[in-house]
Structure formats: structure tokens, C-alpha cells
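Let me begin by presenting the structure, written as C-alpha cells, before commenting on it.
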Amino acid sequence: MERARQDTKFGAQRKLSPKDWLTILVEEVGEVAESILEHDIDNYSVELVQVAAVCVAALECREAE
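See the structure below:
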């Protein structure tokens, strides 16, 4: 579901460099950390899913090369 949401929001054809994917991933991990620090357990789960989805998207991009 999260990957579909990302594709709708940003487009399915994202040819980004590994550095770009790392930037996106670190931003998402930062949101996980923020959820932990704010004791927001519901958002923590949402942010973890987003981290996983970014990882999958980066792998899909790599495999498409």
C-alpha cells in the first residue's frame, strides 16, 4: 500500500541515484526517531512502513538499471 501511495504522489518512474535514495531514506529514518522521541507509537509504525517502502523503491530502481 505504501509503495502505491508513493508512486501516486511522486510518480512510478523515479530514476534516482543511490545518493538520492540515501537522502530520502535518512529523512524517513529521522521521522522514525522523531516518533520515538515524541512517544508517538501509532506514527512510529507508519514511519517504519515508509522506511521499508523507500528501501523497496530503491531496490526496484537498482534492478531496473
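So in the numbering used here the end of the sequence shown lands on 745, straight run, no missing numbers.
Even glycine gets a Cβ: it sits at the ideal position worked out from N, Cα and C.
- Annotation for aspartate 720: no alpha helix (DSSP H) segment contains it, and DSSP assigns it neither H nor E.
- Less than 8 Å separates the beta-carbon of valine 731 from that of glutamate 708.
- Annotated three-state conformation of arginine 694 is coil, per DSSP.
- Between the C-alpha atoms of aspartate 720 and glycine 710 there is a straight-line separation of about 14 Å.
- In this structure, the beta-carbon distance from tryptophan 701 to alanine 744 does not fall below 8 Å.
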